[in-house]
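One structure is given here, and the rest of the page talks about it.
In my numbering, the protein residues as written are 82 to 297.
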């Protein structure tokens with residue numbers, strides 16, 4: 082129903098088209114608009130580990146360097162000895178690492194550290210292949226932290242004895258021996274420096290392993 086301006090009501094009838102009983106389309110009828118189905122596929126870029134894999138590769142390189150340095154410290158201290166050219170019939174002036182329990186502990190500790198680093202290489206390679214593996218990384222962090230304490234204890238105790246051999250102790254009337262056993266003192270100094278380098282490598286391993294556990 083529609084109303085014009087004169088107030089007369091006019092009826093407008095709209096006749097609906099009859100449906101074709103045979104199911105055929107009526108000639109001249111407009112086809113129905115096509116239904117467009119838009120599918121938007123969002124692909125998430127997966128760099129297969131990304132920066133975690135970079136940390137894992139750096140972890141492997143550090144472990145290889147740690148093996149070399151720890152073996153060097155063990156070999157230098159384990160072969161350290163010096164015999165002075167003058168001796169008497171009853172006395173021979175000789176110094177070697179196993180005369181002091183501290184240096185013996187030093188050799189054992191660095192040998193354990195180098196052996197651990199060798200055994201940890203396969204696990205470090207697994208972390209490169211599967212950088213999102215968190216459980217193995219946590220195990221390595223715990224063991225690396227223990228090795229930090231072992232390497233630091235060995236280096237610090239050996240450094241104390243090396244300083245005593247170099248400077249002596251006037252309060253205890255201990256004379257320095259490095260003036261006579263200069264080669265011996267030079268070797269233990271190099272071994273102690275290598276052991277401190279091993280401790281620093283273990284600290285870096287713990288730091289980078291902890292950073293690789295971050296979610297973002």
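We put the beta carbon where it would ideally sit given N, CA and C, even for glycine.
In this text the structure is predicted, and so the values were computed from the model without any measurement.
Check                                                                                                                                                                     : Outcome
By the three-class DSSP mapping on this structure, what secondary structure does residue 260 have?                                                                        : coil
If I follow the unbroken alpha helix (DSSP H) through residue 253, where does it start and stop?                                                                          : Here residue 253 belongs to no alpha helix (DSSP H), and DSSP marks it neither H nor E.
The alpha helix (DSSP H) that contains residue 362, what's its start and end?                                                                                             : The structure shown does not extend to residue 362, since the chain is modelled only from 82 through 297, so no value can be given for it.
Taking 8 angstroms as the threshold (C-beta atoms), are residue 194 and residue 234 in contact?                                                                           : no
Tell me the residue span of the alpha helix (DSSP H) that contains residue 178.                                                                                           : Careful: residue 178 lies outside any alpha helix (DSSP H) and carries neither H nor E.
Give me the Cα-Cα distance between residue 144 and residue 202, rounded to the nearest whole angstrom.                                                                    : 7 angstroms
Would you say residue 212 and residue 137 are within 8 angstroms of each other, going by their C-beta atoms?                                                              : yes
Kindly give me the distance between the Cβ atoms of residue 184 and residue 158, rounded to whole angstroms, as I take these residues to be in contact under 8 angstroms. : 6 angstroms
Count Cβ pairs between the segment 256-270 and the segment 214-230 that sit closer than 8 angstroms; are there 3 or more?                                                 : no
With a Cβ-Cβ cutoff of 8 angstroms, do residue 240 and residue 280 count as a contact?                                                                                    : no
Alpha carbon to alpha carbon, how far is residue 146 from residue 243?                                                                                                    : 25 angstroms
Thinking just about the alpha-carbon of each residue, which of 286, 290, 276 and 283 is nearest to the one in residue 188?                                                : 276
Ordered along the chain, which non-local residues of its own chain (more than five positions away) have a Cβ less than 6 angstroms from that of residue 162?              : 177
Check this for me: beta carbons of residue 207 and residue 200, under 8 angstroms apart or not?                                                                           : no
With DSSP collapsed to three states, give me the class of residue 212.                                                                                                    : coil
When the distance is taken between beta carbons, is residue 289 closer than 8 angstroms to residue 139?                                                                   : yes
With DSSP collapsed to three states, give me the class of residue 294.                                                                                                    : coil
Leaving out five residues before and five after residue 179 in sequence, what residues of the same chain have Cβ atoms less than 7 angstroms from its Cβ?                 : 185
Going along the chain, which residues of its own chain have a beta-carbon closer than 6 angstroms to the beta-carbon of residue 141, five neighbours each way excluded?   : 205
Report all residues from its chain with a CB closer than 8 angstroms to the CB of residue 287; omit the five preceding and five following residues, and keep chain order. : 222, 225, 226 and 229
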